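A short write-up of the structure that comes next.
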DNA sequence: AATGCAATTGCGAACTATTCGCATTTAAAA
DNA sequence: TTTTAAATGCGAATAGTTCGCAATTGCATT
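Protein chains in written order, with the numbering used here: chain X, 7 to 134; chain W, 7 to 134.
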C-alpha cells in the first residue's frame with residue numbers, strides 16, 4: 007500500500023494500481039497480464055507506466071526467449087534470477103545469484119561489467 | 007565451405023549461403039543483418055532457414071534486451087557468452103563460461119536444469 | 001478553493017519483427 | 001528422368017509495442 011515512491015514520478019490512479027499489481031505478483035508479468043488485472047486502463051498506458059517505472063529503476067524488464075513479449079517485475083533490491091520450465095513456462099526463483107563469488111572475464115580485458123542477467127532452463131518438478 | 011551438415015536437413019543454395027554468412031560472422035547477427043548479405047533471398051526465407059537451423063541445433067538464437075529483435079550465431083560447440091556494451095552495443099565474448107564450477111539451486115528443489123543463457127552488461131574499453 | 005500548466009491518459013492508428021498461406025520451384029530418392 | 005515432399009518467394013497477416021493528439025488530471029501556486 008504505502009511504499010517508497012520515487013521523487014519526481016507523478017502519482018496517478020493508474021500508476022498506483024499497476025504498482026499494486028506488481029507488488030502482489032510473485033513472478034514477472036507481461037504488460038498484457040497486468041492489463042487483465044486493470045482492464046479499465048488503456049494497454050498503451052500500461053506500457054507507458056512500465057516504461058516510466060523502468061526509468062526510475064522501480065521495475066526490471068526481461069525478455070524470455072520462446073516468449074515474444076517482455077515481462078516486468080518489481081525491483082525489490084536484492085536481485086533475483088529465475089529458472090524457466092521449458093514445458094509449462096513456470097518461473098522458479100533461484101535461491102541465490104550464482105555469480106555471487108564468481109569473477110567474470112571478457113576477452114577484452116578492459117570491459118567494465120555493471121550488471122547481468124541469467125536465464126536458466128530445464129524442467130520443473132511437475133513437468134519432468 | 008565443406009562442414010558438417012545435419013542428416014535430414016535438405017541442402018539448398020539459400021541455406022548454404024546463410025550458413026556461410028554465419029560462419030564468417032564473429033558476432034551474432036539478426037535476420038535482417040543476414041538478409042543484407044544475401045539480398046536475393048526473401049526475408050521470410052531467412053527466418054525459416056534460421057528456424058530450421060535452430061531445430062537442428064546449428065544456431066543459437068538470443069534476444070538481447072534493448073534490441074527488439076533476435077540474433078543468431080552458429081553453434082560452434084563449446085558454448086560462448088557475451089558481454090554487451092550499453093553504449094555502443096558491441097558484443098565482447100567471455101573467456102569462459104562463468105557457470106563452469108558453480109552449482110545453481112532453485113527454490114523448487116526438484117528443478118532439472120538443462121541449459122542456461124547469460125547476459126553481461128557494462129562498458130567496453132572504448133566507451134567507458 | 002480556484003487557477004494554470006505540464007505531465008498523463010485514452011483511443012486508435014502506425015510500426016516492426018516475425019509468421020503464414022499458397023502457388024511455384026527444387027533437392028534428392030526411386 | 002520421374003516423382004514427391006520439402007523449400008522458396010511473395011505478399012498479406014499477426015502480435016507486441018510505440019506514437020500522435022486531443023482530453024483529462026495531478027499538483028504547485030495563488
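Where a beta carbon is used, it is the ideal one built from N, C-alpha and C, also for glycine.
Predicted, not measured: the structure shown is a model, and the values here were computed from it.
Residue from the options with nearest C-alpha to residue i
| i | options | result |
| --- | --- | --- |
| residue 21 of chain X | X:13, X:58, X:91, X:130 | X:58 |
| residue 69 of chain W | X:31, X:75, X:54 | X:75 |
| residue 128 of chain W | X:130, X:128, X:118, X:132 | X:118 |
| residue 72 of chain X | W:41, W:33, W:60 | W:60 |
| residue 28 of chain X | X:40, X:86, X:88, X:107 | X:40 |
| residue 135 of chain X | X:34, X:50, X:30, X:104 | Because residue 135 of chain X is not part of the residues shown, which for chain X are 7 to 134, the question remains open. |
| residue 46 of chain W | W:92, W:82, W:131, W:19 | W:19 |
| residue 87 of chain W | W:80, W:99, W:30, W:93 | W:99 |
| residue 54 of chain W | W:30, W:91, W:16 | W:16 |
| residue 12 of chain X | X:50, X:77, X:81, X:110 | X:81 |
| residue 14 of chain W | W:114, W:64, W:23, W:30 | W:64 |
| residue 10 of chain W | W:130, W:93, W:83 | W:83 |
| residue 116 of chain W | X:132, X:77, X:42 | X:132 |
| residue 32 of chain X | X:78, X:134, X:62 | X:78 |
| residue 56 of chain X | X:44, X:37, X:42 | X:37 |
Residue environment, residue i, which counts as buried when at least 16 other CB atoms sit within 10 Å
| i | result |
| --- | --- |
| residue 125 of chain X | buried |
| residue 25 of chain W | buried |
| residue 135 of chain W | There is no way to answer for residue 135 of chain W, as the model of chain W reaches only from 7 to 134. |
| residue 48 of chain W | exposed |
| residue 120 of chain X | exposed |
Chain W residues whose Cβ lies nearer than 9 Å to that of residue i
| i | result |
| --- | --- |
| residue 131 of chain X | 114, 115, 116, 117, 118 |
| residue 127 of chain X | 119, 120, 121, 122, 123 |
| residue 16 of chain X | Result: empty, since nearest Cβ-Cβ is about 26 Å, beyond 9 Å. |
Counterpart residues of residue i in DSSP-defined beta bridges
| i | result |
| --- | --- |
| residue 127 of chain X | X:90, W:121 |
| residue 112 of chain X | W:100 |
Beta-carbon neighbours of residue i, restricted to chain W and to distances below 7 Å
| i | result |
| --- | --- |
| residue 104 of chain X | 105, 108, 110 |
| residue 98 of chain X | 112, 113, 114, 117 |
| residue 37 of chain X | Within chain W, no residue comes near residue 37 of chain X; the closest Cβ sits about 14 Å away, beyond 7 Å. |
| residue 69 of chain X | 69, 71 |
Interface residues of chain X facing residue i [CB-CB closer than 9 Å]
| i | result |
| --- | --- |
| residue 52 of chain W | Chain X residues near residue 52 of chain W: none, gap ~18 Å exceeds 9 Å. |
Within chain X, partners of residue i - CB distance below 7 Å
| i | result |
| --- | --- |
| residue 89 of chain W | 112, 117, 119 |
Contact list for residue i against chain W, beta-carbon separation under 8 Å
| i | result |
| --- | --- |
| residue 134 of chain X | 116, 118 |
| residue 101 of chain X | 111, 112, 113 |
Item to check | Contiguous beta strand (DSSP E) assignments of at least 3 residues, all confined to the region 39–110 of chain W | outcome: 65–69, 76–80, 88–91, 97–99
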